[in-house]
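Worksheet: the structure to be examined is printed underneath.
In the UniProt record's numbering, the protein residues as written are 1 to 124.
Right, dumping it as structure tokens:
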């Protein structure tokens, strides 16, 4: 009985060591994954007067695979320290506040929002 009790105690200690090792491995994996993810994030700084495009996440209501979800350009009128940005529509002078994660820099050019159609000819 004494030997069986000691053997069982050793097994429990070994099981506890496995559990602690698994915990440490999971912690190391999470740290490496976080470092890799953070390294891939591109830091964007916005200033008043810049032009940006706004991401429209509500476009799911209008089906169309090739329809762009980026609208704009909008002009930045104010940048808040907590990550919000106040935008102004050039045409109607409407101002609204959005999260800075929903915008990206606009580098120029004309945005044509008119629908176009392309006819494909069958070549045999």
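We put the beta carbon where it would ideally sit given N, CA and C, even for glycine.
With a threshold of 8 Å on Cβ separation, who are the neighbours of residue i within its own chain once the five nearest residues in sequence on each side are excluded?
i	result
residue 57	69, 102
Would you kindly check if the distance between the Cβ of residue j and the Cβ of residue i is under 7 Å?
i	j	result
residue 86	residue 95	yes
residue 106	residue 81	no
Have a look at the options and flag the residue whose alpha-carbon is nearest the alpha-carbon of residue i.
i	options	result
residue 83	4, 10, 46	46
residue 51	42, 27, 78	78
Give the straight-line distance between the Cα atoms of residue i and residue j, rounded to the nearest whole angstrom.
i	j	result
residue 9	residue 44	57 Å
residue 33	residue 21	18 Å
residue 13	residue 100	51 Å
residue 17	residue 24	11 Å
residue 7	residue 42	55 Å
residue 117	residue 88	31 Å
residue 49	residue 29	42 Å
residue 31	residue 37	10 Å
residue 3	residue 11	12 Å
residue 115	residue 40	35 Å
residue 93	residue 108	19 Å
residue 35	residue 15	31 Å
Roughly how far, in whole angstroms, is the beta-carbon of residue i from the beta-carbon of residue j, given that I think they are within contact range, below 8 Å?
i	j	result
residue 98	residue 53	The pair is not a contact, with the Cβ atoms about 11 Å apart (cut-off 8 Å).
Between which residues of its own chain and residue i is the CB-CB distance below 6 Å, once the five residues before and five after are set aside?
i	result
residue 125	Lying outside 1 to 124, the shown extent of the chain, residue 125 is not represented and no answer is given.
residue 71	54, 56
Return no unless some Cβ of chain D is closer than 7 Å to the Cβ of residue i.
i	result
residue 44	No chain D appears in this structure, which consists of one protein chain only.
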